[in-house]
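K.L.:
Protein chains in written order, with the working numbering: chain A, 3 to 286; chain X, 624 to 901.
Pasting a structure below so you can have a look.
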């Protein structure tokens, strides 16, 4: 009987494992292998060269691009964390009825289910030269000519990131907050803590797992992003993802693969550090 | 718990602004998609018309919208069904400790955190090396699964953690086979969550861009088509497309919510459906 049970378990998990093996493990292995290949203008040639890595790491453009991407990552992380935490805090502690909590939570999450690209495009009528923002500012007399930096700039890239990904912070932090025993907060108040002290010394430390999970999502997405940078910067800003895309469009697959390996290592390193702060499996 | 002091109103204001920030742009392009035929990408509205929606379905104007729309819907539906079945099955397995469970769990986490473009690139390269053509129904389908399955699995974990195993034991004591237990007890109880996993599967696949980029092959899926349009279309037809796709997403969400509510209501009225089916 026991042996049959074990077989059933393996059968149940087999489809999942197979998908991950075929479409995650093998493709990543392929990237690693191809990153050592040679290439000409028309084809890739099996070889074992370090040249792709040399060319990549010795180019100042690479370093600038990685720095630019890291800068976007840090700014976006800080903003989504601040906004996400505040929203989650409001939902968890200030909205009293459970029904309203669910409704408002859904209101925050529904945009997640719609197309990211469409949500990026939606900023055009707002931020463009003749957009709503400029028109409003002109009418109020705050500016005398349209602001150019609103659309197709680093500003609009970060705005789009915050717009798209704050949700990834709200959900796990809200989840952490809902697990905090309400009696702990009463105890803090009875012991004479002010609202800020409770927030800083009780709520914040207990939200660390949620913050870590949200951060992992936001940081990995921004580090690998290329669509948002491409669309929102109007092609004026670089990102690691875009660099890979350019190599791909020139059919320099091994060069793109080497870049992919470097990015992957950087992402895994970052996530590894954040994972030390939290045991994800306990959080479910 | 909190008195409604200034902090409450301050935070309420902040929340309201956040919601405006989330929905404002979408509402704006929805309005602008009804521009008159001579209208442009920004306000003012020059009349109200369905001109741009009509434009959307003329093939030569904006590329292959209908075709990519159909492909995305089919792909989304298949991904949805497969995601529900595979994550549910894996969720059942993960209730026991088995050798390799930690490895598979970490693969699922890896699948979430490895940037989409790497998965796309990897699968694209793999097919190229093997000499097989990429296509939306093969390589892109697999790429989408690497995104939907981890979400599905994590939801199943959360759900099974809260599942009361006594129902299952009761069923077994009454002589149900394992299969009957799954079919008449576990599935009916978990139905709302399974609908949720399905919703995840469909919309994530339907909107996926990065993972489709190097895996979709000759025929575009809808997000690829939209991306192509953003670089060469400068008329409100773009907004019309946005309105149509967002509308479809909302429809799917509404269907999922309504069916979850119906299941709950039925349960409140009749008690659990478990064991009611013949």
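The beta carbon of each residue, even a glycine, is placed where N, CA and C say it ideally should be.
Quick one: which residues of the region 858 to 882 of chain X get their C-beta closer than 7 Å to a C-beta of chain A? List them in chain order.
P.N.:
Listed in sequence order: 861, 865, 868, 869, 872, 876.
K.L.:
Hey, is residue 709/X's beta-carbon within less than 7 Å of any beta-carbon in chain A?
P.N.:
So yes, residue 709/X belongs to the interface.
K.L.:
Among 649/X, 650/X, 866/X, 678/X, which residue has its Cα nearest to the Cα of residue 661/X?
P.N.:
Checked all of 649/X, 650/X, 866/X, 678/X; the closest Cα to residue 661/X is 678/X.
K.L.:
To which residues of the same chain is residue 817/X closer than 6 Å at the C-beta, ignoring the five residues directly before and after it?
P.N.:
For residue 817/X, where only same-chain residues beyond five positions count, the Cβ hits under 6 Å are 707.
K.L.:
If you scan the region 20 to 59 of chain A from start to end, which runs of the alpha helix (DSSP H) of 4 or more residues do you find wholly inside it?
P.N.:
Counting whole runs of 4 or more residues, the region 20 to 59 of chain A contains the alpha helix (DSSP H) stretches 28 to 36.
K.L.:
From residue 839/X to residue 773/X, what does the alpha carbon distance come to, in whole angstroms?
P.N.:
Answer to the nearest angstrom: the Cα atoms are 21 Å apart.
K.L.:
Please classify residue 6/A as buried or exposed, where buried requires at least 16 neighbouring CB atoms within 10 angstroms.
P.N.:
Exposed is the call here.
K.L.:
Counting only C-beta atoms, is residue 849/X closer than 7 Å to chain A at any point?
P.N.:
Closer than 7 Å to some Cβ of chain A, the Cβ of residue 849/X qualifies, so yes.
K.L.:
To the nearest whole angstrom, what separates the beta carbons of residue 234/A and residue 135/A, a pair I think is in contact under 8 Å?
P.N.:
Not confirmed; about 15 Å, so no contact.
K.L.:
Pairing CB atoms from the region 690 to 706 of chain X with CB atoms from the region 757 to 773 of chain X, are three or more of them under 8 Å?
P.N.:
Yes, since at least three Cβ pairs between the region 690 to 706 of chain X and the region 757 to 773 of chain X fall closer than 8 Å, the two stretches touch.
K.L.:
Hey, out of 54/A, 217/A, 201/A, 280/A, whose CA is closest to residue 246/A's CA?
P.N.:
Closest option to residue 246/A, Cα to Cα, is 54/A.
K.L.:
List the endpoints of the continuous alpha helix (DSSP H) containing residue 638/X.
P.N.:
First-last of the alpha helix (DSSP H) with residue 638/X: 629 to 655.
K.L.:
Take residue 855/X and list the residues in its own chain whose beta-carbon comes closer than 8 Å to its own, dropping the five residues that flank it on each side.
P.N.:
Within the same chain, residue 855/X has no close Cβ partners at all.
K.L.:
Going by the beta-carbon positions, is the gap between residue 641/X and residue 89/A smaller than 7 Å?
P.N.:
Going by C-beta atoms, residue 641/X is nearer than 7 Å to residue 89/A.
K.L.:
Cβ closer than 7 Å: which chain A residues qualify as neighbours of residue 745/X?
P.N.:
Under the 7 Å cutoff, chain A gives 29, 30, 32, 33.
K.L.:
Do the region 219 to 236 of chain A and the region 734 to 744 of chain X make contact, defined as three or more Cβ pairs closer than 8 Å?
P.N.:
Cβ pair count under 8 Å is three or more, so yes.
K.L.:
Using 8 Å for Cβ pairs, my map puts residue 74/A next to residue 159/A. What's the rounded Cβ distance?
P.N.:
Indeed, because the Cβ distance is near 7 Å, the residues count as touching under 8 Å.
K.L.:
Can you give me the Cβ contacts of residue 901/X inside the same chain, cut-off strictly under 6 Å, excluding the 5 residues immediately before and after it?
P.N.:
Here the model assigns residue 901/X a pLDDT of 42, short of 50, so the residue's position is not dependable and the matter cannot be decided.
K.L.:
At 9 Å on the CB atoms, spell out the chain A contacts of residue 696/X, in chain order.
P.N.:
Ordered by position in chain A, no residue passes the 9 Å Cβ test against residue 696/X, which lies about 13 Å from the chain.
K.L.:
Residues of chain A with CB under 7 Å from residue 618/X, in chain order?
P.N.:
The requested residue 618/X is not part of the displayed model; chain X covers only 624 to 901.
K.L.:
Distance, Cα to Cα, residue 595/X vs residue 823/X?
P.N.:
Here chain X has residues from 624 to 901 only, and residue 595/X is not among them.
K.L.:
How many Å lie between residue 105/A and residue 66/A at the Cα?
P.N.:
Distance between the alpha carbons of residue 105/A and residue 66/A: 44 Å.
K.L.:
Using the rule of at least 16 other Cβ atoms within 10 Å of the residue's Cβ for burial, across every protein chain shown, is residue 689/X buried or exposed?
P.N.:
Burial call: exposed.
K.L.:
Any idea if residue 250/A is buried or exposed, counting beta-carbon neighbours within 10 angstroms, 16 or more meaning buried?
P.N.:
Buried, since its Cβ has 16 or more Cβ neighbours within 10 Å.
K.L.:
When burial is assigned at 16 or more other CB atoms within 10 Å of the CB, is residue 875/X buried or exposed?
P.N.:
Counting Cβ neighbours within 10 Å, residue 875/X comes out buried, since at least 16 surround it.
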